[in-house]
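Below: the structure, in structure tokens.
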Amino acid sequence: MSDAHAHSIAFVRMETLPESPPPARQTGMPKWLRDNLFSGWANTLLTLVGIWAIYTILSGVLPWILNGVWNASSLTECREILAGQTGACFAVLKDRWHQLLFGFQYPSELYWRPILAFFMMLVAIAPVLFFDLPRKLLIFTALFPFIAYYLIWGGPLATPLVALAGCAAAYVVFDRYGKESFAAGFLGGVAVALVVWIIGGIVVGMVASETPWMTAVPSRDLGGFMLNMMLGVTCVSLSIPLGIVLALGRQSDMPLIKGICVVFIEFIRGVPLITLLFVASVMLAYFFPPDSTVDLFLRVVIMITMFSSAYIAEVIRGGLAALPKGQYEAADSLGLDYPQAMRLIILPQALKISIPGIVNVAVGLFKDTTLVSVISMFDLIGMIRGPILASTEWNGVYWELLGFAACLFFVVCYGISQYSQWLERRLATDHR
Amino acid sequence: MLLSDTRYRSLTFQGIALLLLIVAIAYLSSNLIRNLEAAGLNISYEFLGNPSGYDINQTLIPYDSQSPHMRAAWVGILNTLLVSFLACATATIFGVVAGVLRLSNNWLISKLMAVYVEIFRNIPVLIWIIIIFTIMTAVLPGARSYLGEDPEAKMLLGMFAFTNRGIYVPAPIWGPGSMVVVVVFLASVVGVFAYRRYATKLLYATGKLLPTGWPSLLILIVPTVLMFFIMGRPITLDMPDPLANRFNLRGGLQIGAPLIALWFALAIYTGAFIAENVRAGIQAISRGQSEAAASLGLRPGRIMNLVILPQALRIIIPPLISNYLNITKNSSLAIAVGYADITATLGGITLNQTGRAIECVLLMMLFYLTISLAISAVMNVYNNSVKLKER
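Taken in order, these protein sequences are the chains called A and B.
Each residue of the first sequence is one higher than the one before, starting from 281 at the first, in the numbering used here.
Each residue of the second sequence is one higher than the one before, starting from 185 at the first, in the numbering used here.
Dropping the structure here:
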């Protein structure tokens, strides 16, 4: 460094400065507020609009909820207690909760049966939803439909027992012969099940005169949220196997089978569920043998199952199409035949890809079970619009009832979609 | 054996399937014939020509109770199309706004939009329809409170009356010469497109950038307004008049409460689904695209218009169209609030009056199937036209 240059610099710092804290508006809460809420005039305006919207909604709803009346026997009594103030009349929920949940005809001394069935359903569904649970629990899951049928409908014990025996016999046959030839095992199983059911039906017909332990409840007495749950669970679980078959059929290279599946799927997806429910309520009875009496519940289950299986088939087809071709070729090169390749290689992967889609269909279907109120079945919505709002005590209590229904559906549907997201993370094996 | 020889296996299976199908159809149709005989019915569409004998309060074409059932079905079809169109347009607006705002930097707004989407997606649309219908019928005042010299309720801007029977809006009266104004308006819409095309062509050919915003607006408005005054103001408005009648509002156009309930419920419900599609579509465009565009020196608005949106639309539009399809199918819920769509006329009153269940349900399915197939055909054409052309 030359002398001249040394003189031109007045001051040289020889040590580093101590670190000073960042300015107050660049850290913590103020910075977060500035970045996320008030970063520009447009953003500030949006924030203010948002705050105004929240304030408007809360100032309208909160006093109404907090001021709610829980003990009253009619709307007029509610109004007297409120004496002109805003407030909800939640007493209607307390007064009619059993009707909202079970419908107005289910015998009240038998409420323990659907409640028990509900908790057993939680146990039965757990090993399907959570893979970490012991696999032995699946035996209970397999038994659950028969137990649930017996609990909810009652009647002679022999009916579910015969149904169970048929399924068990079919399983034994399939287990024995299905290893060598899938088709032989499957057809044999179906044949054996039919034989058992026919013989069992005759036997039950002979011994049915005895009084059953469980009082029989006819299907038309089912109602309320229970009906929504039953339709949702039954139809989703029935439509998944049917959807797999339809999806495989649509992928098949046999033109006739492919044609049947395509026409079925496109037809069902092209019409609204309401028209299918109309079919169930006014038209389907014409297609059964003249002397048979198939009740409305079963007809609705048939139509909703067809409806959702078409949608599930499309979801699974997406999963099948997303698999790389190499997987199919690898299965062929191992010498696996079609059923083996599907069961061991293709479907496990394809179903994994389609889980989010299947859950979406299930949530949509559960919401759509409310449509049965249109064909005068008394599900939750049917109960609210029919017997409860039409009664003299509670005529005019709209918001409490509709809010209650909305909350029930929101809790269930939001829960299922959260589960689906958890499962997606859980099954993500592609290390991305 | 037929099952194990690969030459015949496929044929064997198809033969079995065909046999089963024929047996099933034969069984079902024999049941049908026996049941119809037992009930003394037959399949015939003659009832469609008989007078319907019921009134419909909201119709787009002339209709009275002496019109045949066929006419009632047409009223229903037009009403279905009307509410589907209105709901599709509104749902798109709601969905795009909510989807874009959900990606906003503003924490509060993006959380609010997330709440909107979750609440509306997880509650059945039937409940929303009933809720909005209840708001319309139970909360809004009756038409009578708008009547008289000194009404209890004021009309919005003196034009819109919100009553429990529906919303009254001014109705345009098409006087003589109004067609000319309409034609001029349509011509100026074409003119705007022509001008924009010309501007783009000029830009590509010479690099000269013409302004497009205000000239388009001018082309759109000025000729129509000029023609409107030249023709002597042929289009006038028919206002709902509080003084014309002592019992009900007279004049204007009444949009019935069922239509509004169905329209808005479908719009906000499907809007939540569309919002998710829009969000997913925008998020699916990798960050590198906008960074590359920025490094080419494009401005943020142009990055959005020229780079992000064309790619995002390819992802957004197919689910958007299937949402439109869902709106059309969900509009059949009209029957829950008494809006006279095809399900309520043909599948509701006509079916109950004539007892022709099979015919009515089949016709209804045919209508919805036609709409669905038409929409899917449009979607396939679109998908093929925007497919990534690679390899």
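The beta carbon of each residue, even a glycine, is placed where N, CA and C say it ideally should be.
Small disclaimer: the values here were computed from a predicted structure and weren't measured.
- Secondary structure within the stretch 462-534 of chain A: the alpha helix (DSSP H) runs of 4 or more consecutive residues, fully enclosed, are 462-487 and 504-531 (chain order).
- DSSP links Val353 (chain B) through a beta bridge to B:Leu437.
- By the 16-neighbour rule on beta-carbons within 10 angstroms, Ile478 (chain A) is exposed.
- In the DSSP assignment, Ala223 (chain B) falls within the unbroken alpha helix (DSSP H) covering Thr190 to Ala223.
- Rounded to whole angstroms, the separation of the alpha carbons of Gly361 (chain B) and Ile419 (chain B) is 9 Å.
- Looking at the DSSP output, Pro235 (chain B) bridges to B:Pro252.
- For Leu421 (chain B), the enclosing beta strand (DSSP E) has its first and last residue at Ile419 to Asp422.
- Close partners of Tyr552 (chain B) in chain A (Cβ separation under 7 Å): Gly550, Val551, Pro552 and Thr555.
- For Ala560 (chain A), the nearest beta carbon of chain B is not closer than 7 Å to its own beta carbon.
- Asn675 (chain A) does not reach chain B, its nearest Cβ partner there being about 11 Å away, counting only Cβ pairs nearer than 9 Å.
- Shown here, Ala368 (chain A) sits in coil according to DSSP, grouped into three states, outside any helix or strand.
- Sequence-ordered contacts of the stretch 635-654 of chain A with chain B read Val643, Phe646, Lys647, Asp648, Thr649, Thr650, Leu651, Ser653 and Val654 [C-beta pairs closer than 9 Å].
- Counting only residues of its own chain and dropping the five nearest sequence neighbours on each side, Ala459 (chain B) has a CB closer than 6 Å to the CB of Gly279, Ala282, Gly283 and Val301.
- Between Leu603 (chain A) and Ala630 (chain A), the C-beta gap is smaller than 7 Å, which places the two residues in contact.
- Separation of the CB atoms of Met563 (chain B) and Ile505 (chain B) is rounded to 5 Å, and the pair is thereby assigned contact status at 8 Å.
- Membership of Phe551 (chain B) in the alpha helix (DSSP H) is indicated by the continuous run Ala541 to Val570.
- Taking Ala449 (chain B) as the centre and dropping the five residues before and after it, the same chain places the C-beta of Val309, Trp312, Ile313 and Ile316 closer than 7 Å to its C-beta, in chain order.
- Proximity to Ala456 (chain B) across B:Gln467, B:Val299 and B:Thr554 peaks at B:Val299, based on C-alpha coordinates.
- Non-local C-beta neighbours of Glu704 (chain A) in its own chain, meaning closer than 6 Å and more than five positions away in sequence, comprise Pro636, ordered along the chain.
- Annotation for Ala520 (chain B): no beta strand (DSSP E) segment contains it, and DSSP assigns it neither H nor E.
- Contact between Met583 (chain A) and Leu556 (chain A) holds: CB atoms are separated by about 4 Å, below the 8 Å threshold.
- Under the three-state reduction of DSSP output, Phe568 (chain A) falls in the coil class, being neither helix nor strand.
- Contacts between Phe197 (chain B) and chain A, judged by CB atoms closer than 8 Å, involve Met534 and Ile537 in chain order.
- Boundaries of the beta strand (DSSP E) harbouring Thr347 (chain B): Ala345 to Thr347, taken from the DSSP string.
- Chain A places a beta carbon closer than 7 Å to that of Ser194 (chain B), counting this residue as a contact.
- DSSP lists A:Met494 as the bridge partner or partners of Gly435 (chain A).
- If you check the CB distance, Gly480 (chain A) and Val442 (chain A) come in under 7 Å.
- Here the alpha carbon of Pro569 (chain A) sits roughly 13 Å from the alpha carbon of Met563 (chain A).
- Taken in chain order, the whole alpha helix (DSSP H) runs of length 4 or more contained in the stretch 342-429 of chain A are 355-362, 371-382 and 392-409.
- With fewer than three CB-CB distances shorter than 8 Å, the stretch 398-409 of chain B does not count as touching the stretch 318-330 of chain B.
- Pairwise C-beta distances place the stretch 522-538 of chain A out of contact with the stretch 414-423 of chain A, as fewer than three of them are shorter than 8 Å.
- Put simply, the backbone Cα of Leu265 (chain B) is about 23 Å away from that of Asn536 (chain B).
- Taking a cut-off of 8 Å for Cβ pairs, the stretch 370-385 of chain A and the stretch 499-518 of chain A touch, as three or more such pairs fall below it.
- Bounds of the alpha helix (DSSP H) holding Tyr300 (chain B) are Trp291 to Arg305.
- Contact of Val545 (chain B) with chain A by beta-carbon distance below 8 Å involves Thr555, Phe558, Val559, Val562 and Met563.
- Identification of residues in the stretch 295-325 of chain A having a C-beta nearer than 7 Å to some C-beta of chain B yields Asn316, Leu317, Ser319 and Asn323, given in sequence order.
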